[in-house]
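Colleague:
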Amino acid sequence: MGESIIMIVLIGALLVFEFQQQASIKIKAKSSNLKYLIAIVAALLIVVLFWSHSMQSNIKVVLIAVLFASVAFYNQGLGNDKVVTYGSLSKASDYGRYDQIIVEPVKKDTMVTFASKKGGSYSLMFTDNEESIRHFIRKRVPKTVKVLTGEEYQRQLTIKNRKHRSLESKQLEMIRNRPNRNKFVAIRKKS
């Protein structure tokens, strides 16, 4: 029973912490009704599949199902100093952590991609317009973080790819024209 009490306290603390994080959201990310449905069905399946005759095991199963379902019901979004996502602790999602933030329209919504060389990238969808979200982010991010439109990001990728291809062709040219290689080719031709 001691394990169950410890689990209740820890999962309860996590749920309270996540609830407190919700207050710091200034612009809420778009959410899907399908996400709610899947979370509820999955939580119910966890309870049904792992239900046993042991009260202690059932408490753990219910706690895990509640934790699983809570992921769908907590909001994500933009805060004053960080991106608020489920499970992001203290400074893990500060704006300064990202190298680039790309804001681009997708159909009627706006997609914001947070890109970091260290920890990968992820995207959130918003119903607000692109310009208001870009303005909100630019006011809050450090100067070291690039806030780009989708077009600016594509332009950067094109330039980067062009430079990479140019470098590869120069390296290949150097290999083909190195003096030692030409000596071996000349020796083979004489033989």
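Okay, so the sequence shown: first residue is 104 according to the working numbering, each after it adds one.
The beta carbon of each residue, even a glycine, is placed where N, CA and C say it ideally should be.
Predicted model, so just to flag it, every value in this text is computed and none were measured.
#1: Whose CA, out of Gly180, Glu207 and Ala172, lies closest to the CA of Asp197?
#2: Would you say Phe217 and Ile236 are within 8 Å of each other, going by their C-beta atoms?
#3: Within this structure, are the beta carbons of Arg200 and Ser219 separated by less than 8 Å?
#4: Specify, as a first and last residue, the run of the alpha helix (DSSP H) that Lys163 falls within.
#5: Quick one, which of Lys138, Asn136, Leu137 and Ile167 has its alpha-carbon nearest Val151's?
#6: When burial is assigned at 16 or more other CB atoms within 10 Å of the CB, is Glu254 buried or exposed?
#7: Using DSSP with H/G/I as helix, E/B as strand and the rest coil, what is Gly222?
#8: Could you tell me the distance, in whole angstroms, from the CA atom of Leu275 to the CA atom of Thr261?
Modeller: Reading from the atomic positions:
#1: The residue given as residue 197 occupies position 94 in the sequence shown. Nearest of Gly180, Glu207 and Ala172 to Asp197, Cα basis: Gly180.
#2: Indexing the sequence shown from 1 puts residue 217 at position 114. Indexing the sequence shown from 1 puts residue 236 at position 133. It is not a contact, given that the beta carbons lie outside the stated cut-off.
#3: Locating residue 200 in the sequence shown gives position 97, where the first residue counts as 1. Locating residue 219 in the sequence shown gives position 116, where the first residue counts as 1. Yes, the Cβ-Cβ distance between Arg200 and Ser219 is below 8 Å.
#4: Here residue 163 refers to the residue found at position 60 of the sequence shown. Per DSSP, Lys163 belongs to the alpha helix (DSSP H) from Met158 to Phe176.
#5: Walking along the sequence shown from the start, residue 151 turns up at place 48. Comparing Cα-Cα distances from Val151 to each of Lys138, Asn136, Leu137 and Ile167, the minimum goes to Ile167.
#6: Along the sequence shown, read from residue 1 onward, the residue named residue 254 stands at position 151. With fewer than 16 other Cβ atoms inside 10 Å of its own Cβ, Glu254 counts as exposed.
#7: Counted from its first residue, the sequence shown places residue 222 at position 119. Gly222: coil per DSSP, three-state reduction.
#8: As a working note, residue 275 is residue 172 in the sequence shown. As a working note, residue 261 is residue 158 in the sequence shown. Spanning the two alpha carbons is a distance of roughly 21 Å.
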